[in-house]
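Encoded as structure tokens, the structure appears first; notes follow it.
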Amino acid sequence: MTETPLLVAVDDGVATLTLNRPERLNAFTAALHEALAAALERATHDDAVRALLITGAGRGFCAGQDLSERMPKPGEARRDLGNGLERYYNPLIRRLRGLEKPVVAAVNGVAAGAGVGLALACDIVIAAQSASFIEAFSRIGLVPDAGNTWFLPRLAGSARAMGMALTGEAIPAERAADWGLIWKAVPDAALMSEARELAVRLAHGPTRALGLTKRALNRSPANDLDSQLDLERDLQREAGLGEDYREGVAAFLEKRPPRFSGR
Ligand code: T3D
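All the letters of the sequence shown, read from the start, carry residue numbers 1 to 263 under my numbering.
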């Protein structure tokens with residue numbers, strides 16, 4: 001068993017978080033949740049981190065909850081699974097969606113159960129062609145959680161969401177991309193270089209504006225057009241006061257690449 005459930009490396013503006021339980025396809029334990037929450041908290045407040053990249057060690061991305069932590073001991077009362085969602089999964093998904101820095105998921109292998117929720121909570125999902133997405137919940141008598149019932153119908157439509165959730169069938173990465181569930185599927189050998197290149201590009205971008213863009217798109221499903229127009233006005237006001245906007249316009253007029261600072 002690996003002892004460090006999460007590897008964290010910060011380089012060139014990108015914090016790379018690697019789920020590191022390859023022998024269990026990076027299934028979530030309490031220790032992995034705690035390490036991930038702490039790393040996301042640090043990344044939120046560290047100005048040197050302007051984008052994040054989340055991936056998995058070994059052949060899997062994340063197989064959801066580690067079921068060996070759920071094996072009932074003889075005589076033990078039945079566990080209230082709502083408590084685990086409240087304590088770990090819901091804060092994780094909220095934190096990823098609320099983090100105003102771009103987050104890229106490099107889905108290197110199977111994503112199952114809450115592992116799908118983890119991937120879909122990221123802003124841009126790139127998957128290896130050999131990866132797949134499995135709503136494994138129905139296979140073990142559970143309901144999709146970790147945001148799955150919110151993400152799936154919005155990204156793929158309700159017919160596909162329902163099919164995935166009720167059957168638990170594996171959806172290969174290329175089909176997931178065709179369905180709009182993820183950004184794209186790439187050859188396995190290209191996954192990490194493409195995902196890293198994208199994360200570095202975003203980290204060197206106008207990250208304050210990218211964070212506000214993320215806020216606008218995340219609020220959109222709950223808003224009517226009028227409210228969304230008001231939100232765009234407010235966020236644009238904020239972006240327009242930023243240094244990156246001045247730099248972007250100056251660079252355009254001077255016909256040179258911009259040097260964004262994220263301010
Ligand atoms: O409990 C709560 O708090 C509620 C929250 C729930 C959130 C959830 O995510 S519920 C859903 C939990 N996840 C699953 O049900 C998925 C279980 N895993 C699988 O169905 C399969 O492993 C996969 C389809 C993902 C991959 O299959 P395959 O054939 O490629 O690999 P494998 O041989 O099944 O797995 C490799 C090893 O990882 C294996 O261990 P072994 O035999 O080599 O010692 C397997 O037991 C282990 N593993 C895979 N997933 C999990 C796991 N061990 C514990 N928990 C897992 N989720």
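Cβ coordinates follow ideal geometry from the N, Cα and C atoms, glycine included.
C-beta contact flag for Ala216 and Leu241 at 8 Å: Locating residue 216 in the sequence shown gives position 216, where the first residue counts as 1. Locating residue 241 in the sequence shown gives position 241, where the first residue counts as 1. The Cβ atoms of Ala216 and Leu241 lie no closer than 8 Å to each other.
Reference Arg24, options Glu69, Ile182, Asp224, Ala190, closest by Cα: Counting from one through the sequence shown, the residue named residue 24 turns up at place 24. The alpha carbon of Arg24 has as its nearest neighbour, out of Glu69, Ile182, Asp224, Ala190, the alpha carbon of Glu69.
Nearest neighbour of Gly141, chosen from Asp123, Leu92, Thr149, Leu166 [CA to CA]: Taking the sequence shown and counting its residues from 1, one reaches residue 141 at position 141. Comparing Cα positions, the closest option is Leu166.
Arg269 CB to nearest heavy atom of ligand 1 below 7 Å: Here the chain comprises residues numbered 1 to 263, so residue 269 is not present and cannot be evaluated.
First and last residue of the uninterrupted alpha helix (DSSP H) at Asp265: The chain is shown only over 1 to 263; residue 265 falls outside these bounds and no answer can be derived.
Residue from Ile124, Leu229, Tyr245 whose Cα sits closest to the Cα of Arg263: Taking the first residue of the sequence shown as 1, we reach residue 263 at position 263. Just measuring C-alpha positions, the residue of Ile124, Leu229, Tyr245 sitting nearest Arg263 is Tyr245.
Those runs of the alpha helix (DSSP H) which lie wholly inside the region 109-154 and span at least 4 residues: Entirely contained in the region 109-154, the alpha helix (DSSP H) runs reaching 4 residues are, in chain order, 114-121.
For Pro22, the three-state DSSP class (helix, strand or coil): Here the question's residue 22 lines up with position 22 in the sequence shown. Judged by DSSP in its simplified three-state form, Pro22 adopts helix.
Limits of the unbroken beta strand (DSSP E) element including Leu56: Reading the sequence shown from its first residue, position 56 is the one you call residue 56. According to the sequence as given, residue 56 is Gly; it is not Leu. Looking at the DSSP string, the run of the beta strand (DSSP E) that includes Gly56 is 51-56.
Beta-carbon gap between Leu120 and Gly147 smaller than 8 Å: For the purposes of this step, residue 120 is taken as the residue at position 120 of the sequence shown. For the purposes of this step, residue 147 is taken as the residue at position 147 of the sequence shown. Cβ distance < 8 Å, so Leu120 and Gly147 count as in contact.
CB of Ala63 within 8 Å of CB of Gly115, strictly: Within the sequence shown, residue 63 is the residue found at index 63, counting from 1. Within the sequence shown, residue 115 is the residue found at index 115, counting from 1. With contacts defined as CB atoms closer than 8 Å, Ala63 and Gly115 qualify as a contacting pair.
First through last residue of the beta strand (DSSP E) which encompasses Phe252: Indexing the sequence shown from 1 puts residue 252 at position 252. For Phe252, there is no enclosing beta strand (DSSP E); the residue is part of the alpha helix (DSSP H) that begins and ends at 243-253.
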